[in-house]
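Protein chains in written order, with the numbering used here: chain A, 59 to 371; chain B, 59 to 371.
Set out below in structure tokens:
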């Protein structure tokens with residue numbers, strides 16, 4: 059099951075984190091951009107080539123210390139068909155280097171359409187008997203606003219294969235409360251109601267570990283809510299965005315973990331991708347060493363999270 | 059503004075409907091599939107070729123009677139990079155034939171990422187000074203679960219260009235109530251709270267028509283709720299799914315309109331795409347006449363909606 063592979067990766071590297079691959083062009087070192095634009099033209103093909111080269115070098119630098127990458131689909135879709143090609147190649151490359159791939163697409167729709175999204179990212183596409191995987195990620199983020207109809211096809215996939223999902227419950231952004239924090243008649247927040255649903259749904263894909271391949275997205279920027287949610291969704295692994303550049307600390311992120319030191323995986327994107335120009339690493343690395351800086355930052359983050367967990371667990 | 063273009067199209071053809079392009083392979087006539095698989099191989103490239111040929115013939119058959127198409131992204135993403143190429147080509151072809159394109163992607167994320175989605179579907183992508191449009195749709199469906207942060211980049215685009223969005227408020231599927239119908243402390247449903255937000259957001263992109271390019275998705279399967287929502291979001295055009303195959307009738311859909319006969323555009327996908335094998339049209343058409351059947355069904359739907367509107371307005 060997906061959750062076993064995730065826990066195995068986290069244990070192997072002693073590292074409950076995931077590296078976000080959100081390759082904004084401005085994050086990519088100029089020498090990579092210039093080479094790609096020179097070879098493929100200054101347009102979508104060149105941009106996609108630059109993204110792929112950037113991602114590959116990051117994956118090479120991180121694959122023996124970080125268990126998973128999380129490419130954010132928007133940053134590929136903005137380069138059109140060529141961007142999607144770079145996304146597909148990135149997924150393939152990361153998996154070949156032994157990393158799990160969590161596609162961050164926050165997909166959602168009615169049942170029949172959710173089935174198509176599930177086929178696209180987790181399952182297979184049947185073309186009159188020829189069956190192929192489009193992107194073959196290990197997990198996908200999904201949005202619960204349409205209720206179980208739109209989640210069921212993903213749950214079925216997770217229950218019958220080695221794939222997983224993370225359902226948005228409490229997101230890391232400032233305005234997440236506008237809908238998620240609405241208080242319902244029985245005094246519970248909408249995000250708690252969603253958490254209760256995710257807890258029910260998670261029963262369909264529980265492994266011997268006691269954890270489920272049906273996880274939840276819970277932002278590090280809301281540690282108090284994470285503590286509440288940890289109690290509601292006991293079986294669900296939390297994917298925790300918001301650490302680092304968005305303001306969440308290791309102590310905040312620690313609230314998403316269980317007493318066994320498991321239960322969550324913390325994402326960082328910008329702080330790893332752009333480590334070479336950060337205050338911490340810009341003295342040690344130049345642009346050409348962006349991948350080494352990313353690795354050093356990933357190690358620093360791992361230790362930061364570990365320390366916070368030791369204080370709590 | 060987008061909303062002016064939409065209203066102009068609706069008036070020109072006397073037809074407040076949109077044709078969904080959800081090209082499941084099983085919907086595509088076998089002669090198109092066989093030709094495409096023969097020429098491009100039985101795989102993603104062949105499937106994408108079949109989808110594009112199917113869409114083009116539908117667009118040719120509909121472009122002088124229906125103002126807009128709504129391609130559903132999931133049915134392209136499931137064919138990987140080649141599927142996305144077919145989506146991009148479909149958008150281009152439809153616009154060249156004078157139709158508006160509503161990309162149905164239900165995208166959502168935190169602000170910086172929503173900005174990337176906005177660039178991908180509505181705006182432009184800046185690559186070190188070279189500025190190109192990835193998909194250049196006219197409008198996009200978006201999911202409000204993250205609040206204003208994740209909607210603002212789209213609103214800014216709609217306010218400054220000729221693009222639009224439709225925010226999910228009350229969806230057409232059976233389980234839409236699990237979250238959308240939760241009752242908040244002040245006795246309002248979550249979907250009413252979302253509608254109130256959409257109404258606030260819609261102020262940013264109102265044209266001289268009095269309508270806004272910030273619209274809402276309100277399912278035809280919930281006519282009572284549509285009546286309530288019509289009063290909350292006075293400026294917003296409603297994109298109405300659920301007519302036809304999903305069970306919504308013309309009278310149900312009519313609840314989404316204002317007294318001026320405007321205010322909504324009703325979608326049908328399967329009933330138009332698969333008209334040739336429906337009870338109504340299978341006596342008149344064979345598989346090879348699928349596009350003529352689609353046109354006849356689109357006319358029948360137009361008259362069906364018109365009749366229902368005349369009874370109400």
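Backbone N, C-alpha and C fix where the C-beta goes; we use that ideal spot for every residue, glycine too. Being a predicted model, the structure only gives us computed values, none of them experimental.
In this structure, residue 233 of chain A lies near residue 204 of chain B, with their beta-carbon atoms less than 8 angstroms apart. Among the CB atoms of chain A, one or more fall inside 8 angstroms of the CB of residue 142 of chain B. Counting only residues of its own chain and dropping the five nearest sequence neighbours on each side, residue 142 of chain B has a CB closer than 8 angstroms to the CB of 134 and 135. Inclusion of residue 91 of chain B and residue 108 of chain B in the CB contact set at 8 angstroms is warranted, their separation being smaller than that value. Under the Cβ criterion of 8 angstroms, residue 164 of chain B is counted among the residues facing chain A. Just measuring C-alpha positions, the residue of A:81, A:88 and A:171 sitting nearest residue 127 of chain A is A:81. Between residue 321 of chain A and residue 301 of chain A, the C-beta spacing is not below 8 angstroms. Here DSSP, grouped into helix, strand and coil, assigns residue 291 of chain B to coil.
For residue 230 of chain B, same chain residues with a beta-carbon under 6 angstroms away, outside a window of 5 residues either side, are 277, 279, 299, 300 and 304 in chain order. Comparing alpha-carbon positions, the option among A:325, A:93, A:347 and A:324 lying closest to residue 333 of chain A turns out to be A:347.
Around the beta carbon of residue 293 of chain B, 16 or more other beta carbons sit within 10 angstroms, so the residue counts as buried.
With its beta carbon less than 8 angstroms from one in chain B, residue 202 of chain A belongs to the interface. Between the alpha carbons of residue 245 of chain A and residue 167 of chain B lies a gap of roughly 27 angstroms. Between residue 123 of chain B and residue 73 of chain B, the C-beta spacing is below 8 angstroms. The continuous alpha helix (DSSP H) containing residue 364 of chain B extends over residues 348-370. Considering only A:69, A:59, A:75 and A:64, the residue with the shortest C-alpha distance to residue 356 of chain A is A:75. Residue range 322-326 is occupied by the beta strand (DSSP E) that includes residue 325 of chain B, with no alpha helix (DSSP H) assigned at that position. Scanning its chain for C-beta atoms nearer than 6 angstroms, with the 5 sequence neighbours on each side dropped, one finds around residue 161 of chain A the residues 179, 195 and 198, in chain order.
Neighbours of residue 91 of chain B in chain A, taken as residues at a C-beta separation under 8 angstroms, are given in chain order as 186.
Look at residue 356 of chain A: its C-beta is not under 8 angstroms from any C-beta on chain B. Residues of the region 95-114 of chain B with a C-beta less than 8 angstroms from any C-beta of chain A: 95, 100, 101, 102, 104 and 105, listed in chain order. Taking 8 angstroms as the CB threshold, residue 242 of chain A lines the interface with chain B. The contact set of residue 238 of chain B on chain A, defined by CB atoms closer than 9 angstroms, consists of 203, 204 and 205 in chain order. Counting every other CB atom within 10 Å of its CB across the protein chains shown gives residue 338 of chain A a total below 16, marking it as exposed. Distances from the CA of residue 157 of chain A to each of A:218, A:68, A:95 and A:176 were compared; the closest alpha carbon is that of A:68.
The CB of residue 189 of chain A never comes closer than 7 angstroms to any CB in chain B; the least such distance is about 10 angstroms. Per DSSP, the continuous beta strand (DSSP E) segment holding residue 162 of chain A begins and ends at 158-165.
Across the structure, residue 291 of chain B and residue 250 of chain B are spaced so that their CA atoms are roughly 10 angstroms apart.
Closer than 8 angstroms to the CB of residue 221 of chain A there is not a single CB belonging to chain B. When the Cα atoms are used, residue 227 of chain B and residue 175 of chain B turn out to be separated by approximately 20 angstroms. Counting other Cβ atoms within 10 Å of its Cβ, residue 342 of chain B stays below 16 and is therefore classed as exposed.
Sorting B:323, B:351, B:281 and B:285 by C-alpha distance to the C-alpha of residue 336 of chain B places B:351 at the top. When the alpha-carbon of residue 163 of chain B is set against those of B:155, B:150 and B:145, the nearest one is in B:145. Taking CB atoms only, residue 167 of chain A has a neighbour in chain B less than 8 angstroms away.
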